[in-house]
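>
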Amino acid sequence: MIPLFTLLFSLSAAAAPADTACLQCHGSMPGRLGAPVEEWKQSVHAANGISCHDCHGGDPTDPANAMSPDRGFLGKPEPTAVPDFCGRCHVGVADDYKGSLHGKALGAGGPNCVTCHGNHAVQRASLAIIDEQRCGACHAPDRAMKIKAALQATDDRIGSLEAALEPLHRQAFDVEDMKGELFQARNDFHRLFHTVQVSRVEAGAGKVGEKLDAVQASIDGVHAEIARRHRWGGVVVGLFVLMGLLGVALRRSLHAEE
Amino acid sequence: MTTLARKAVDWLDERVGIREAFRENATEYRVPRNINVFYSLGTVLLVLFGLQFLTGILLLAHYVPHPDQAFDSVKRIVNEVPYGWLARNLHAVGSNLAIVVLLLHMLSVIFMGSYKKPRELTWLSGFILFNLGLALCLTGYLLPWSQLSFWATTVSTEAAGSVPVIGEYLVRIARGAPTVGGATLGRFFALHVVVLPLGLLAIIGAHLMLVRRIGISRPPFGKPGEVVKKGVHEDHPDGIPFFPNYVAEEIAVVSFVLAGLFAIAVFSPEVFIPADALEPADPFNTPAHIKPEWYFLWAYQTLKIMPTEFIGLAVQGAFMTFLALLPFVDRKAERHPFRRPLFLSLFVGIIALFIGISVWGHYS
């Protein structure tokens, strides 16, 4: 019987799902046609299972027709079409961008999404993206730094709350609601980035802060519960140890009489 | 004793002779004078199995054995049901601790040669209990329907396929379908909460009956006491009373084990609840590395280093068969390990080999 159970783990984990037609062909190509594959592999999109066809369309299961317009292939968008291209998924951010001075300058030298975020190697957005070199290409450096300063405290707080949730999840606490609230707060916060107006950023950061307060209160509640468990658990463990010691003492006294 | 309690005992005594039974099985029941702490491991196991039954019943009240609801029901137990987290942690940690104590119990019996004639059947029933314990762990693993549950069971059931001729049939029987799914969960649930516990209870009963009927074996160490045969029973007239003398020692050992169990369950349950056990099963997302529980690592690595899985299975089968039939293979009367150099070498060597292979499996 044992061998039948225990072969259990003889096979290591199955391979990841097969590469799509896009990755198979472009992955073997040199130069600019192959480079996006390696860039994408390091991206936040790859980490979340967003593949070539999710943005560029086409049929990833059929190499012959993968790039057929009949299968929805979109190819590379024009620079002015990039916000709508990305905005199919990043809806709120696209709206904020379009309403901002950046969005209004689209087609007249203003930046689109990839100007700041890059394209295939796109990473999870963070404040690191706001730097003097990138923003200073068009603006006076102090303007970018003012916005960054207004965002920094909230960004740090979101980061620390995310870090605080992980150990709670590891202890089997249900943190899905808290994660959802934090996700929403993060989204609201990221939308602020794209307004590129210091006053709106400061006002918006305040509202995001209220949501973060609620998450913090939930985390504090879980920590209080953990402390309660540890307190009573410690008492129970102590009682068992005491009972064990009494058993040892009784055994020794009886042994002396034997 | 209060008057009411005395009256209750009197009432029972008149009908079932409770005082006589207690005298015969406790105060006048003598165990060897040189009995040692390892003899208490059977009682520890009884307590641990009892706790598994109790916590299992508490979990059963809220668990839903359906692929769409199993994971959420466990999440609810841990997060919403009062003290559900404690029941779940005690159950998960307790199962591991039970395997540790089962192994210690078996190793101490082997080391002291207690499996030898006339206790062959006691050994065999204990060996079956060990296997039932492993089967309970394996079937219980699937029930939370986590990533770990799903993929460990997928691979374990796949393993049966390497048996020649009937392999595919065995896989189908184990899963109830071509792939792990609702049918698998249903049959593992039935095995875990009905079939295996009933089997465990029955074999525990047989094991205890054999222990009591034949008598406790005299340890091969220390000053040997007198042994008087009464039929098949070995009596120890110069031994110590089971109650209260040895019961005090058992209370001490059980208390320390329970202290350890509660300490892990309350302060560090993650030691026995891996991260993949906290994610819902996803048939389309295979975790990077599936590693078995620590007590299956030796088997896992054995299969990996053998030329084929079938050879690996055969080696494991041969070893387990040898272990089951140990009293019938090793029939010499000598029980002191230091007067059995070949036995002692094999005992130490095989344990070292198992630990080495398990560590290798862990890091491979």
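Chains V and A are the protein sequences, given in the same order. The opening position of the first sequence corresponds to residue 1 in the numbering used here, with each subsequent residue numbered one higher. The opening position of the second sequence corresponds to residue 1001 in the numbering used here, with each subsequent residue numbered one higher. Each residue gets a CB set at the ideal place from its N, CA and C atoms; glycine is no exception.
Leaving out five residues on either side along the sequence, give the residues of the same chain with a beta carbon under 7 Å from the beta carbon of HIS255/V.
Within the first sequence, residue 255/V is the residue found at index 255, counting from 1. Closer than 7 Å at the Cβ level, and outside the excluded window around HIS255/V, lies no residue.
> Can you give me the Cβ contacts of ARG1335/A inside the same chain, cut-off strictly under 7 Å, excluding the 5 residues immediately before and after it?
In the second sequence, counting from the first residue as 1, residue 1335/A sits at position 335. Answer for ARG1335/A: MET1112, GLY1113, LYS1116 and PRO1220, listed in chain order.
> Using a beta-carbon distance below 9 Å, is VAL1266/A in contact with chain B?
Within the model displayed, chain B is absent; protein chains V and A are what it includes.
> Name the DSSP beta bridge partners of SER1146/A, please?
Your numbering for residue 1146/A matches position 146 in the second sequence. The partner list for SER1146/A (beta bridge, DSSP) reads PRO1280/A.
> The alpha helix (DSSP H) that contains ASP70/V, what's its start and end?
Position 70 of the first sequence, counted from the first residue, corresponds to residue 70/V. It is not in any alpha helix (DSSP H) - ASP70/V carries neither H nor E in the DSSP assignment.
> Helix, strand or coil: how does DSSP classify PRO1241/A here?
Here the question's residue 1241/A lines up with position 241 in the second sequence. Note: PRO1241/A maps to strand in three-state DSSP.
> Hey, how far is the Cα of ARG1212/A from the Cα of TYR1295/A?
In the second sequence, counting from the first residue as 1, residue 1212/A sits at position 212. In the second sequence, counting from the first residue as 1, residue 1295/A sits at position 295. In a straight line, the C-alpha of ARG1212/A is about 30 Å away from that of TYR1295/A.
> Leaving out the 5 sequence neighbours to the left and right, which residues in its chain are closer than 7 Å to GLU1120/A when beta-carbon positions are compared?
Locating residue 1120/A in the second sequence gives position 120, counting from the first residue. Result list for GLU1120/A: PRO1327 and PHE1328, in chain order.
> THR1153/A to ARG1175/A, Cα distance in whole Å?
Residue mapping note: residue 1153/A aligns to position 153 of the second sequence, counting from 1. Residue mapping note: residue 1175/A aligns to position 175 of the second sequence, counting from 1. Spanning the two alpha carbons is a distance of roughly 9 Å.
> In the DSSP assignment, find the unbroken beta strand (DSSP E) run with HIS1233/A in it and report its ends.
Taking the first residue of the second sequence as position 1, residue 1233/A is located at position 233. 1233-1235 is the span of the beta strand (DSSP E), which, as asked, contains HIS1233/A.
> Could you tell me if LYS1007/A is buried or exposed, where buried requires 16 or more neighbouring beta carbons within 10 angstroms of its beta carbon?
Here residue 1007/A corresponds to residue number 7 of the second sequence, with the count starting at 1. Its Cβ having fewer than 16 others within 10 Å, LYS1007/A is exposed.
> Hey, is the region 1034-1045 of chain A in contact with the region 1065-1073 of chain A, meaning 3+ C-beta pairs nearer than 8 Å?
Cβ pair count under 8 Å is below three, so no.
> State the DSSP-derived secondary structure class of LYS1223/A, mapped to helix, strand or coil.
In the second sequence, the residue the question calls residue 1223/A occupies position 223. Coil.
> In whole angstroms, what separates the C-alpha of SER43/V from that of ARG134/V?
Position 43 of the first sequence, counted from the start, is the residue given in the question as residue 43/V. Position 134 of the first sequence, counted from the start, is the residue given in the question as residue 134/V. Answer to the nearest angstrom: the Cα atoms are 20 Å apart.
> Please report the residue range of the beta strand (DSSP E) in which LYS1229/A lies.
What you label residue 1229/A is simply residue 229 of the second sequence in a count that begins at 1. Element bounds for LYS1229/A: 1228-1230.
> Name, please, each residue of chain V whose Cβ falls closer than 7 Å to the Cβ of ILE1240/A.
Here residue 1240/A corresponds to residue number 240 of the second sequence, with the count starting at 1. In chain order: GLU258.
> If I follow the unbroken alpha helix (DSSP H) through ALA1259/A, where does it start and stop?
For this step, residue 1259/A is matched to residue 259 along the second sequence. Counting along the chain, the alpha helix (DSSP H) containing ALA1259/A begins and ends at 1247-1267.
> Please confirm whether LEU1191/A has its beta-carbon closer than 9 Å to some beta-carbon of chain V.
By 1-based counting over the second sequence, the position of residue 1191/A is 191. So no, LEU1191/A is outside the interface.
> Check whether the Cβ of MET267/V lies closer than 9 Å to any Cβ atom in chain A.
With chain V represented from 1 up to 258, any question about residue 267/V goes unanswered, as that position is not in the structure.
> Counting only runs of 4+ residues fully inside the region 1038-1080 of chain A, write out the alpha helix (DSSP H) ranges in chain order.
Qualifying alpha helix (DSSP H) stretches, in chain order: 1041-1060 and 1070-1079.
> Smallest Cα separation from LEU1048/A: which of GLY1017/A, ALA1333/A, HIS1062/A and VAL1253/A?
As a position in the second sequence, residue 1048/A is number 48, starting the count at 1. With distances taken between Cα atoms, LEU1048/A lies closest to VAL1253/A.
> Among GLY209/V, ASP19/V, ALA153/V and ASN119/V, which residue has its Cα nearest to the Cα of LYS76/V?
One-based indexing of the first sequence puts residue 76/V at position 76. Ranking the options by Cα distance to LYS76/V, first place goes to ASN119/V.
> By the 10 Å Cβ neighbour count, where 16 or more other Cβ atoms means buried, how is ILE2/V classified, buried or exposed?
Taking the first residue of the first sequence as position 1, residue 2/V is located at position 2. Low confidence applies here, because ILE2/V scores a pLDDT of 42, under 50, leaving its location unreliable; read the following figure in that light. Buried, by the Cβ-count rule.
> Give the range of the alpha helix (DSSP H) segment to which CYS113/V is assigned.
Locating residue 113/V in the first sequence gives position 113, where the first residue counts as 1. Start and end: 113-117.
> Go ahead and pull the three-state DSSP assignment for VAL1031/A.
Residue 1031/A sits at position 31 when you count from the first residue of the second sequence. Strand.
> On a CA-only basis, which of ASN1285/A, LEU1060/A and GLY1222/A is nearest VAL1194/A? Give me that one, please.
Locating residue 1194/A in the second sequence gives position 194, where the first residue counts as 1. When only C-alpha atoms are compared, the closest one is LEU1060/A.
> Listed in chain order, which residues of the region 182-208 of chain V have Cβ atoms closer than 9 Å to some Cβ of chain A?
From the region 182-208 of chain V, no residue has a Cβ closer than 9 Å to chain A.
> Within 9 Å of any Cβ in chain A, is that where the Cβ of PHE5/V sits?
Taking the first sequence and counting its residues from 1, the one referred to as residue 5/V is at position 5. At PHE5/V, the pLDDT of 39 sits below 50, so the modelled position is not reliable and the matter cannot be decided from this model.
> If you draw a straight line from the alpha carbon of VAL201/V to that of ALA164/V, how long is it in whole angstroms?
As a working note, residue 201/V is residue 201 in the first sequence. As a working note, residue 164/V is residue 164 in the first sequence. Whole-angstrom Cα-Cα distance: 25 Å.
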